[in-house]
Amino acid sequence: MAEDHVILFVGSVTHAMRAQQLLRQAGIPCQLVRNRRDLERFGCGYGLVLTQEADRAQRLIQEAGIQVKAREEGGRRDDLS
Amino acid sequence: MIYLDNAATTYPKPPAVIRAMVRGFFHYGANPGRSGYPMAMATAEQVYSCRQALADFFDASCPEEVVFTQNCTHALNLAVKGCLSAGDHVIVSDLEHNSVLRPLHKLAQQGLIEYNVAPTSSDPDETVENYRRLLRGNTRLIVAAHGSNVTGRVQPIRRLGQLARLKGCLFLVDGAQSAGLLPISMKKDFIDFLCLPGHKGLYGPSGTGVLITPHGARMNTLMEGGTGSQSQERAQPSLMPDRLESGTVNTLGILGLGAGLGYVRDKGPGHLYERQLALAARLYEGLSEIKGIRLYSETPAYGRALPVVSFAAEGLPSEEAAARLAEEGIAVRAGLHCSYLAHHTLGTLKEGLVRASFGSYNRPEEVESFLACVRERF
Chain A
6 MAEDHVILFV GSVTHAMRAQ QLLRQAGIPC QLVRNRRDLE RFGCGYGLVL
56 TQEADRAQRL IQEAGIQVKA REEGGRRDDL S
Chain B
24 MIYLDNAATT YPKPPAVIRA MVRGFFHYGA NPGRSGYPMA MATAEQVYSC
74 RQALADFFDA SCPEEVVFTQ NCTHALNLAV KGCLSAGDHV IVSDLEHNSV
124 LRPLHKLAQQ GLIEYNVAPT SSDPDETVEN YRRLLRGNTR LIVAAHGSNV
174 TGRVQPIRRL GQLARLKGCL FLVDGAQSAG LLPISMKKDF IDFLCLPGHK
224 GLYGPSGTGV LITPHGARMN TLMEGGTGSQ SQERAQPSLM PDRLESGTVN
274 TLGILGLGAG LGYVRDKGPG HLYERQLALA ARLYEGLSEI KGIRLYSETP
324 AYGRALPVVS FAAEGLPSEE AAARLAEEGI AVRAGLHCSY LAHHTLGTLK
374 EGLVRASFGS YNRPEEVESF LACVRERF
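Protein chains in written order, with the numbering used here: chain A, 6 to 86; chain B, 24 to 401.
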């Protein structure tokens, strides 16, 4: 995975897939991955890996009513829930 | 066999449904929403695709409002028990299926709620007025079967939805008999809970059902458990659809349901409805000309009735009549059709009725064979 990526974590696979679809429609490609760490804090969930326009992607997802629970960038994860 | 029991479940299923399920066995065998390996993600995508297609078809706001259930009865129980609290009042019609009546009756017997039954009429104005007259200050929920599984009568759900919205009540539509035939819009019909089987007019397999609701996050749950989400928390999550979908979903069934919905969309629900209604109309006309046959269903008029024809033969109990038809290779349902209220309303609780119900694969010559059989064997 590229080092300059951002991962936006959402609560469920359904949220992840809707978010991916929204971003695809907005021309922002992303890959879905499982949350791999801090399970006690962030639980089982899915993240959207972005290599471009992460801020816009986050805004689009949140405007669609999907909660972004955490944002990981450069290895650092911020809890947004 | 001449299959005229489509109101119970549609048969046969389109080949695409069978192909989708077989493909699922080979390619989508993982548990969706639990892991991240390619087959798990591919399976999750298939389930999501069906969820989204249902949301689009029934005009829901987003796929998260679509909950997969094991059947329509499960969806109805989820909705009824999920939204009601002690002291609530509910209004139902006199044509409701037992899957609406029984959960409400149990809650009433427990002293938690009260419910009243609104008489329906072939005049929609009368039906709406009958519901309106029963409204109280504590009426929480109005329930209407979009179409009766016994009489085929279509209820004015948009007007009932408007009434509910105006009065601050929730509105539940039982779309068991109408989904895939008549238009249903969550938004335009002011629906709070839409309950559907996957295996009737949507041509999916048995073991599938759907609840569509924007209220899921706040509903009481019937079942709690693993959702594949927020597993670090002991409480059931509020996010939808997970809140109302504990445990592994019927993945293969959902794949079949997705294909069935695709079949309905390709054919066009309006076209399917017109064609089946024409067959019902021919059967209705033919039966009306046979001495000793009394018809109990609605005249098959466009927009007013579903393709369901129910009748009684003089001096012949309904199950005996159905048995004679079965001997001639004709499949119908007799008895009380899991609908105490409808038969109570019709006065047919003692002997029941014979019900013929049409589907996409029925043909005009089958109607003529049915009529010939009735003339000969009854």
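Cβ atoms here follow ideal geometry from the backbone N, Cα and C, with glycine treated the same way.
Might you give, ordered along the chain, the residues of its own chain that have their beta carbon closer than 6 angstroms to the beta carbon of Cys144(B), omitting 5 neighbours on each side?
-> For the purposes of this step, residue 144(B) is identified with residue 121 of the second sequence, where counting begins at 1. Per the sequence shown, residue 144(B) should be read as Ser rather than Cys. Contacts found: Thr150.
For Arg42(A), three-class secondary structure by DSSP = Residue 42(A) sits at position 37 when you count from the first residue of the first sequence. In this structure, Arg42(A) counts as coil in the three-state DSSP scheme.
What is the DSSP secondary structure of Leu157(B), reduced to helix, strand or coil?
-> Counting from one through the second sequence, the residue named residue 157(B) turns up at place 134. In this structure, Leu157(B) counts as coil in the three-state DSSP scheme.
If you measure beta-carbon to beta-carbon, which residues of the region 217-242 of chain B are closer than 8 angstroms to chain A?
-> none
Could you tell me whether the region 129-137 of chain B touches the region 304-321 of chain B, where touching means 3 or more Cβ pairs closer than 8 angstroms?
-> no
Could you tell me the boundaries of the alpha helix (DSSP H) in which Thr231(B) lies?
-> Translated into the one-based positions of the second sequence, residue 231(B) becomes position 208. Taken as a continuous stretch (DSSP letters only), Thr231(B) belongs to no alpha helix (DSSP H), as it is neither H nor E.
Determine the chain B residues that contact Ser17(A) at a beta-carbon separation under 9 angstroms, and present them in chain order.
-> Taking the first residue of the first sequence as position 1, residue 17(A) is located at position 12. What Ser17(A) touches in chain B: Gly56, Glu87, Thr250, Gly251, Ser252, Gln253, Pro260, Leu262, Met263, Pro264, Asp265.
Specify whether the region 159-179 of chain B and the region 49-68 of chain B touch according to this definition: at least 3 beta carbon pairs, one from each stretch, less than 8 angstroms apart.
-> no
Beta-carbon proximity of Leu44(A) to Ala21(A), cut-off 8 angstroms = In the first sequence, counting from the first residue as 1, residue 44(A) sits at position 39. In the first sequence, counting from the first residue as 1, residue 21(A) sits at position 16. No, they are not a contact pair.
Helix, strand or coil: which one does DSSP assign to Thr274(B)?
-> For the purposes of this step, residue 274(B) is taken as the residue at position 251 of the second sequence. Three-state result, Thr274(B): helix.
Can you find a CB in chain A that lies within less than 8 angstroms of the CB of Ala53(B)?
-> Here residue 53(B) is taken as the residue at index 30 of the second sequence, counted from 1. Ala53(B) does not count as touching chain A.
So, helix, strand or coil for Tyr60(B), using DSSP?
-> Numbered from its first residue, the second sequence carries residue 60(B) at position 37. Correct three-state label for Tyr60(B): coil.
Determine the extent of the beta strand (DSSP E) in which Arg378(B) is found, giving its start and end residues.
-> Start at 1 with the first residue of the second sequence, and residue 378(B) comes out as number 355. Unbroken beta strand (DSSP E) run through Arg378(B): 376-380.
Could you spell out where the beta strand (DSSP E) holding Gly52(A) opens and where it closes?
-> Translated into the one-based positions of the first sequence, residue 52(A) becomes position 47. Here the beta strand (DSSP E) through Gly52(A) covers 51-55.
Does any C-beta atom of chain A lie closer than 8 angstroms to the C-beta of Pro37(B)?
-> Indexing the second sequence from 1 puts residue 37(B) at position 14. By this cut-off, Pro37(B) is not an interface position.
Just the Cα atoms here: how many angstroms apart are Leu205(B) and Ser171(B)?
-> In the second sequence, the residue the question calls residue 205(B) occupies position 182. In the second sequence, the residue the question calls residue 171(B) occupies position 148. Distance between the alpha carbons of Leu205(B) and Ser171(B): 13 angstroms.
Partners in chain A for Arg74(B), counting only beta-carbon separations shorter than 8 angstroms = Position 51 of the second sequence holds residue 74(B). The contacting residues are Thr19.
Touching or not, the region 389-401 of chain B and the region 359-371 of chain B, by the rule of three or more beta carbon pairs under 8 angstroms?
-> no
Along chain E, which residues have their Cβ under 8 angstroms away from the Cβ of Gly48(A)?
-> Reference to chain E is not applicable here, since the protein chains of this structure are A and B.
Of the residues Thr236(B), Arg46(B), Gly326(B), Tyr154(B), the one placed nearest Leu186(B), counting alpha carbons only = Mapped onto the second sequence, residue 186(B) falls at position 163. The option with the nearest alpha carbon to Leu186(B) is Tyr154(B).
Helix, strand or coil for Val177(B), going by three-state DSSP, please let me know.
-> Start at 1 with the first residue of the second sequence, and residue 177(B) comes out as number 154. It is a strand residue.
Bridge partners of His120(B), per DSSP?
-> Here residue 120(B) refers to the residue found at position 97 of the second sequence. DSSP, once it has assigned bridges, lists no residue as partnering His120(B).
Report yes or no: do three or more beta-carbon pairs, one from the region 209-216 of chain B and one from the region 178-194 of chain B, lie closer than 8 angstroms?
-> yes
Excluding the five sequence neighbours on either side, which residues of its own chain have a C-beta within less than 6 angstroms of the C-beta of Leu329(B), listed in chain order?
-> On the second sequence, position 306 is the one that residue 329(B) refers to. Result list for Leu329(B): Gly170, Gly175, Gln200, in chain order.
Tell me, to the nearest whole angstrom, how far the beta carbon of Phe91(B) is from that of Val233(B); I am working on the premise that it is less than 8 angstroms.
-> Here residue 91(B) corresponds to residue number 68 of the second sequence, with the count starting at 1. Here residue 233(B) corresponds to residue number 210 of the second sequence, with the count starting at 1. Correct: roughly 6 angstroms between the Cβ atoms.
How would you label Gly323(B), buried or exposed, when you count the other beta carbons within 10 angstroms and need 16 or more for buried?
-> Reading the second sequence from its first residue, position 300 is the one you call residue 323(B). According to the sequence shown, residue 323(B) is Pro rather than Gly. Per the 10 Å Cβ criterion, buried.
Distance between beta carbons of Gly221(B) and Gly276(B), contact taken as under 8 angstroms | The residue labelled residue 276(B) in the question sits at position 253 within the second sequence. The residue labelled residue 221(B) in the question sits at position 198 within the second sequence. Gly276(B) to Gly221(B), Cβ: 7 angstroms. Contact.
Scan the region 37-62 of chain A for residues whose Cβ lies nearer than 8 angstroms to a Cβ of chain B and list them as they occur along the chain.
-> Leu37, Val38, Arg39, Leu44, Glu45, Arg46, Phe47, Gly48, Cys49, Gly50, Tyr51
Could you check what DSSP says for Met6(A) in three-state terms: helix, strand or coil?
-> Looking up residue 6(A) in the first sequence gives position 1. For Met6(A), the pLDDT reaches just 49, beneath the cut-off of 50, and the residue's location in the model is therefore unreliable, although a value from the coordinates is still provided. In this structure, Met6(A) counts as coil in the three-state DSSP scheme.
Tell me, please, whether the CB atom of Arg82(A) is closer than 8 angstroms to any CB atom in chain B?
-> As a working note, residue 82(A) is residue 77 in the first sequence. Taking Cβ atoms only, chain B never reaches closer than 8 angstroms to Arg82(A), which makes this a no.
On the three-state DSSP scale, how would you describe Asp215(B)?
-> By 1-based counting over the second sequence, the position of residue 215(B) is 192. Here Asp215(B) sits in coil by DSSP.
Could you tell me whether any Cβ in chain B is nearer than 8 angstroms to the Cβ of Arg76(A)?
-> Taking the first sequence and counting its residues from 1, one reaches residue 76(A) at position 71. No, no contact with chain B.
Do we get a CB-CB distance below 8 angstroms when we pair Arg23(A) with the residues of chain B?
-> Locating residue 23(A) in the first sequence gives position 18, counting from the first residue. True, the Cβ-Cβ gap to chain B drops below 8 angstroms.
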